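K.L.:
Here it is, the structure, as C-alpha coordinates.
The structure is reproduced here in C-alpha coordinates:
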(Lines of atoms letter the chains of each structure in order from A; the text may use other names.)
(Lines give C-alpha, C1' and ligand atoms only; values in the text may rest on other atoms or scores of the structure.)
Protein backbone atom coordinates (compact mmCIF):
# COMPACT_ATOMS: atom_id res chain seq x y z
CA UNK A 118 0.00 0.00 0.00
CA UNK A 119 2.75 2.42 0.97
CA UNK A 120 4.87 1.31 -1.97
CA UNK A 121 2.01 1.84 -4.41
CA UNK A 122 1.35 5.40 -3.15
CA UNK A 123 5.02 6.36 -3.27
CA UNK A 124 5.43 4.87 -6.73
CA UNK A 125 2.26 6.59 -7.90
CA UNK A 126 3.43 9.98 -6.61
CA UNK A 127 6.84 9.56 -8.22
CA UNK A 128 5.22 8.41 -11.45
CA UNK A 129 3.03 11.53 -11.59
CA UNK A 130 6.07 13.77 -11.08
CA UNK A 131 8.06 11.91 -13.70
CA UNK A 132 5.14 12.15 -16.17
CA UNK A 133 5.15 15.91 -15.70
CA UNK A 134 8.84 16.07 -16.51
CA UNK A 135 8.52 13.63 -19.41
CA UNK A 136 5.67 15.63 -20.96
CA UNK A 137 7.97 18.62 -21.40
CA UNK A 138 11.03 16.71 -22.62
CA UNK A 139 11.87 13.98 -25.15
CA UNK A 140 12.20 11.18 -22.58
CA UNK A 141 9.97 8.71 -24.42
CA UNK A 142 10.10 5.32 -22.68
CA UNK A 143 12.12 6.62 -19.75
CA UNK A 144 9.01 6.75 -17.55
CA UNK A 145 8.47 3.00 -17.84
CA UNK A 146 12.14 2.31 -17.19
CA UNK A 147 12.28 4.61 -14.18
CA UNK A 148 9.06 3.14 -12.76
CA UNK A 149 10.45 -0.40 -13.12
CA UNK A 150 13.74 0.68 -11.56
CA UNK A 151 12.04 2.30 -8.58
CA UNK A 152 9.73 -0.66 -8.09
CA UNK A 153 12.76 -2.95 -7.98
CA UNK A 154 14.51 -0.71 -5.46
CA UNK A 155 11.47 -0.60 -3.19
CA UNK A 156 11.10 -4.38 -3.43
CA UNK A 157 14.72 -4.85 -2.35
CA UNK A 158 14.11 -2.53 0.60
CA UNK A 159 11.42 -4.97 1.81
CA UNK A 160 9.10 -2.20 2.98
CA UNK A 161 5.84 -3.15 4.69
CA UNK A 162 2.60 -1.25 4.97
CA UNK A 163 1.51 0.31 8.25
CA UNK A 164 -1.41 -2.13 8.37
CA UNK A 165 0.90 -5.13 8.03
CA UNK A 166 3.25 -3.68 10.66
CA UNK A 167 0.35 -3.17 13.10
CA UNK A 168 -0.90 -6.72 12.56
CA UNK A 169 2.55 -8.18 13.21
CA UNK A 170 2.98 -5.98 16.29
CA UNK A 171 -0.27 -7.37 17.70
CA UNK A 172 0.83 -10.94 16.96
CA UNK A 173 4.11 -10.28 18.77
CA UNK A 174 2.34 -8.68 21.75
CA UNK A 175 0.04 -11.70 22.04
CA UNK A 176 2.96 -14.14 21.81
CA UNK A 177 4.85 -12.25 24.54
CA UNK A 178 1.78 -12.35 26.76
CA UNK A 179 1.42 -16.10 26.27
CA UNK A 180 5.13 -16.60 26.95
CA UNK A 181 4.87 -14.67 30.21
CA UNK A 182 1.93 -16.82 31.32
CA UNK A 183 3.82 -20.01 30.43
CA UNK A 184 6.89 -18.83 32.37
CA UNK A 185 4.73 -18.14 35.44
CA UNK A 186 3.07 -21.57 35.22
CA UNK A 187 6.46 -23.25 34.82
CA UNK A 188 7.84 -21.45 37.88
CA UNK A 189 4.84 -22.60 39.94
CA UNK A 190 5.22 -26.18 38.74
CA UNK A 191 8.95 -26.17 39.50
CA UNK A 192 8.25 -24.88 43.00
CA UNK A 193 5.58 -27.55 43.53
CA UNK A 194 7.96 -30.26 42.32
CA UNK A 195 10.71 -29.08 44.69
CA UNK A 196 8.26 -29.20 47.60
CA UNK A 197 7.18 -32.73 46.70
CA UNK A 198 10.77 -33.94 46.39
CA UNK A 199 11.83 -32.44 49.72
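In this note's numbering, the protein residues as written are 118 to 199. Just so you know, even glycine gets a beta-carbon here, dropped at the ideal spot from N, CA and C. Please read these numbers as outputs of a predicted model, since none were measured by experiment.
(1) Could you check whether the region 172 to 191 touches the region 144 to 162, counting it as contact only if at least three pairs of C-beta atoms, one from each stretch, sit closer than 8 Å?
(2) Short check: CB of residue 160 to CB of residue 120, under 8 Å?
(3) What is the rounded straight-line gap between the Cα of residue 134 and the Cα of residue 144?
(4) Out of curiosity, what's the CA-to-CA distance linking residue 172 and residue 179?
P.N.:
Let me spell this out:
(1) Three or more beta-carbon pairs separated by less than 8 Å are not found between the region 172 to 191 and the region 144 to 162, which leaves the two stretches without contact.
(2) Taking 8 Å as the Cβ cut-off, residue 160 and residue 120 qualify as a contacting pair.
(3) Their backbone Cα atoms lie some 9 Å apart in a straight line.
(4) Cα to Cα, the separation comes out at about 11 Å.
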